[in-house]
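Residue numbers (the working numbering), protein chains in the order written: chain A, 20 to 149; chain B, 13 to 114.
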């Protein structure tokens, strides 16, 4: 019996207080073979990380309760860098690059409605982990 | 992209009207930090939908609100007020046409 095992879809966790941003990412990435889970509040962040075990976490920089860079710093301390976390923002590349290196993020992805570009950038962060 | 806009534009316009009302109240009570957050969120949503004119205005307002929050004089506050007015007009125009350039 030679049954092929379907490949596991990479799981992306989006943490952004905007439902429109979360839903847009889902709309762009799910048809391209990713599973997208989103959080619009930080209330269940740790539980979601542990339960979902995402391959990549996209974290908005500016959120009401805690900024994304602080969230990544916190997570790196408490989860020993087990998760690939990147900043997800519309801010300028220079500022994001600096913030990412300060908080220990794997990098950053700039917000875009271009599904191909988003997929390319997501893949760049997933590839080293595969 | 067109697909994203057609799916989310109505929701975006509705949310943005509420966001602008909140932002104007924050301007009135001089809460620059919360105003910067509102404008950042607005810029992010507009970027996702490729509404670049609105995104640029909101980003400019966010930068001004952050400078204001950091203790700059009244210049940034006036910039925030102008950005809110201009975004309001862009959103009204977009609502009237049901999509398009902004």
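In this text, a Cβ means the ideal position worked out from N, Cα and C, and glycines have one as well.
At what residue ranges does the stretch 85-117 of chain A contain a whole run of the beta strand (DSSP E), taking only runs of 3 or more? Counting whole runs of 3 or more residues, the stretch 85-117 of chain A contains the beta strand (DSSP E) stretches 104-108.
Suppose the cutoff is 8 Å on Cβ atoms and the five residues either side in sequence are ignored; what does the same chain contact list for residue 61/A look like? As a working mapping, residue 61/A is identified with position 42 in the first chain. Cβ within range, chain order: 34, 82, 84, 85 and 90.
Any beta carbon of chain A sitting closer than 9 Å to that of residue 23/B? Residue numbering aside, residue 23/B sits at position 11 when the second chain is read from its first letter. Yes, residue 23/B counts as interfacial toward chain A.
Against chain A, which members of the stretch 81-111 of chain B pass a CB distance test of less than 8 Å? none
Looking at C-beta atoms only, is the number of pairs between the stretch 42-59 of chain A and the stretch 32-44 of chain B that lie closer than 8 Å three or more? The count of Cβ pairs closer than 8 Å, one atom from the stretch 42-59 of chain A and one from the stretch 32-44 of chain B, stays below three, leaving the stretches out of contact.
DSSP three-state assignment for residue 105/B, whether helix, strand or coil: Position 93 of the second chain holds residue 105/B. Helix at residue 105/B.
Run through chain B and tell me which residues come within less than 8 Å of residue 36/A, C-beta to C-beta. Taking the first chain and counting its residues from 1, the one referred to as residue 36/A is at position 17. By Cβ distance, chain B contributes 53.
How long is the line joining the alpha carbons of residue 139/A and residue 64/B, rounded to whole angstroms? To locate residue 139/A, count along the first chain from 1; it is residue 120. To locate residue 64/B, count along the second chain from 1; it is residue 52. Taking the straight line from one Cα to the other gives about 21 Å.
According to DSSP, residues forming a beta bridge with residue 126/A: In the first chain, counting from the first residue as 1, residue 126/A sits at position 107. Bridge partners of residue 126/A: 105/A.
Please list, in chain order, the chain B residues whose beta carbon lies closer than 7 Å to that of residue 40/A. Residue mapping note: residue 40/A aligns to position 21 of the first chain, counting from 1. 56, 57 and 60, listed in chain order.
Can you tell which of 40/A, 43/A, 75/A and 38/A has its C-alpha closest to the C-alpha of residue 143/A? Position 124 of the first chain holds residue 143/A. If we check each option's Cα against that of residue 143/A, 75/A comes out closest.
Based on the DSSP secondary-structure assignment, which residues constitute the bridge partners of residue 55/A? In the first chain, counting from the first residue as 1, residue 55/A sits at position 36. Its beta-bridge partners are 31/A.
In its own chain, which residues sit with a C-beta less than 7 Å from the C-beta of residue 98/B, not counting the 5 before and 5 after it? Reading the second chain from its first residue, position 86 is the one you call residue 98/B. So the qualifying residues of the chain are 69.
Can you find a CB in chain B that lies within less than 9 Å of the CB of residue 79/A? Position 60 of the first chain holds residue 79/A. Yes, residue 79/A counts as interfacial toward chain B.
Under three-state DSSP, which class holds residue 75/A? Here residue 75/A is taken as the residue at index 56 of the first chain, counted from 1. The answer is strand: DSSP assigns residue 75/A an E or B state.
Check the Cβ-Cβ distances between residue 130/A and every residue of chain B, and say whether any is below 9 Å. Taking the first residue of the first chain as position 1, residue 130/A is located at position 111. Yes, residue 130/A counts as interfacial toward chain B.
Listed from N- to C-terminal order along the chain, which residues in the stretch 22-48 of chain B have their beta-carbon within a distance smaller than 9 Å of any beta-carbon of chain A? 23, 24, 27, 46 and 48
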